[in-house]
Amino acid sequence: MRGIWAAAASAGVMLAAVLAPPGLAGLRIGWALPLTVVVALWGWPAGVAAAGAWLGLLGSVQGLEQAFLGLLGPAMAGLAYGSGLRAQKGAGVTLLIGGTALAAGLLPCLPSLALAWAQWKAALARGVESALELYRETGLLEAMVAQGLSAVQLQQSLESLASWVGVLYPALLAWETTAGAVVVYFAGRWAVKRWRTVPSLPPFSHWQLPWPAVWGLIFGLAAYLAGDRAGSAAAVTVGVNVMAAYVPVLALFGLAVLIHLYRHMLLPPAIKALVILPLVLYLPLGVAVLVALGLFDPWLNFRRLAPEGPKGGG
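Under this note's numbering, the residues of the sequence shown are numbered 15 to 328, in order.
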């Protein structure tokens, strides 16, 4: 009986999302959150009932096919997260399964995503003209010309930048999906914790990227180099997007390493500040250092440089 009530309440949440303003209703990743809670508290039968109720409600508003495509990824992620929390699985494994399910749910939407990618590139191309016009109206273009930069060079630079940003659309989509998967998991974990025990989390400074995950980055680099050598734009695009998709993930794990080293290195606080300050003031250097720490830590284990113990004035 509780499962039926949970399904009904969850369906009500989904209906509210459907009727919300377009900007809010588009956040479909968040639809996995109530399903996570339902499965974690009442199990798969309640989760399947909730998913079926959602599908019926969405189908009546958007059409069955559109509803199924919109619900597929969040439903699989919610079932994975809820099952992981209910079975006391580790956060890393649960996040990996749920995030993969969420990404797999995008596969049936590839035609619409390809169209969105083309529209993204077209919008960026139009933005170049708008930026040039803005420079002309504000007098910035004349100032740049006076400093030796011609209008043609500026236009070429903006077009090159727009081209590169346009290529990175899949990576941006991967960042959005990954961030959504992480937020939904931790939000679901927080909600479930109010009623039942959830698996404990290791301290953030202990987080480490599993070493097999690095092979994805190696694949991206190989695709880029092979495509550049063979003149294959498709291979270069794949390689660039795979490598770009790894950047925030590696930076996150690199930050965990840096926090551990900062806390446990036996150095005076002033010396630590002198090391950290350039990384904060010069962001590209800081990101590069974090990415390098996150990338090589699975093999080199930088935490050995500062084993846990006295925190050395930190």
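For glycine and all other residues, C-beta sits at the position ideal for the given N, C-alpha and C.
Annotated three-state conformation of residue 315 is coil, per DSSP. With respect to the 8 Å criterion, residue 142 and residue 176 are classified as neighbours on the basis of their beta carbons. Positions of the beta strand (DSSP E) runs, each at least 3 residues long and wholly inside the segment 112 to 158, cannot be given because no such run exists. Here DSSP, grouped into helix, strand and coil, assigns residue 214 to coil. In this structure residue 278 is buried. Its beta-carbon is surrounded by 16 or more other beta-carbon atoms within 10 angstroms. Per DSSP, residue 232 is one residue of the alpha helix (DSSP H) stretching across 228 to 244. By the beta-carbon neighbour count (other beta carbons within 10 angstroms, threshold 16), residue 203 is buried. Annotation: residue 188 to residue 115 spans about 13 Å, alpha carbon to alpha carbon. The C-beta distance from residue 96 to residue 67 rounds to 15 Å, too long to meet the 8 Å contact threshold.
Residue 154 and residue 201 have their C-alpha atoms roughly 46 Å apart.
Its Cα nearest to that of residue 306, the residue 263 stands out among 263, 319, 110. DSSP places residue 104 in the coil class of the three-state scheme, outside both helix and strand. Contact between residue 99 and residue 212 holds: CB atoms are separated by about 5 Å, below the 8 Å threshold. Between the alpha carbons of residue 133 and residue 184 lies a distance of about 13 Å. 222 is the residue among 222, 210, 179 whose C-alpha sits nearest the C-alpha of residue 269. Residue 89 is not a Cβ neighbour of residue 118, given a cutoff of 8 Å. Residue burial annotation: residue 267 is buried, with at least 16 other C-beta atoms found within 10 angstroms of its C-beta.
By the Cβ test, the segment 230 to 237 is in contact with the segment 251 to 258, since at least three Cβ pairs between them sit closer than 8 Å. Between residue 291 and residue 300, the C-beta gap is not smaller than 8 Å, which leaves the two residues out of contact.
Assigned with DSSP and collapsed to three states, residue 68 falls in helix.
A residue is called buried when at least 16 other Cβ atoms come within 10 angstroms of its Cβ; residue 43 meets this threshold and is buried.
Of 220, 219, 58, the smallest CA-CA separation from residue 94 is found for 58. Looking at the backbone, the Cα of residue 318 and that of residue 198 are separated by about 33 Å.
Residue 223: not part of any alpha helix (DSSP H); DSSP gives it neither H nor E. When the Cα atoms are used, residue 287 and residue 226 turn out to be separated by approximately 34 Å. Taking the Cβ atoms as the reference, residue 91 lies roughly 6 Å from residue 195, within the contact range of under 8 Å.
In the three-state scheme derived from DSSP, where H, G and I count as helix and E and B as strand, residue 277 is classed as helix.
Contact annotation, residue 272 with residue 320: C-beta distance approximately 11 Å; criterion of less than 8 Å not satisfied.
Assigned with DSSP and collapsed to three states, residue 209 falls in coil, not helix or strand. Cβ-Cβ separation between residue 146 and residue 169: approximately 6 Å, consistent with a contact (criterion under 8 Å).
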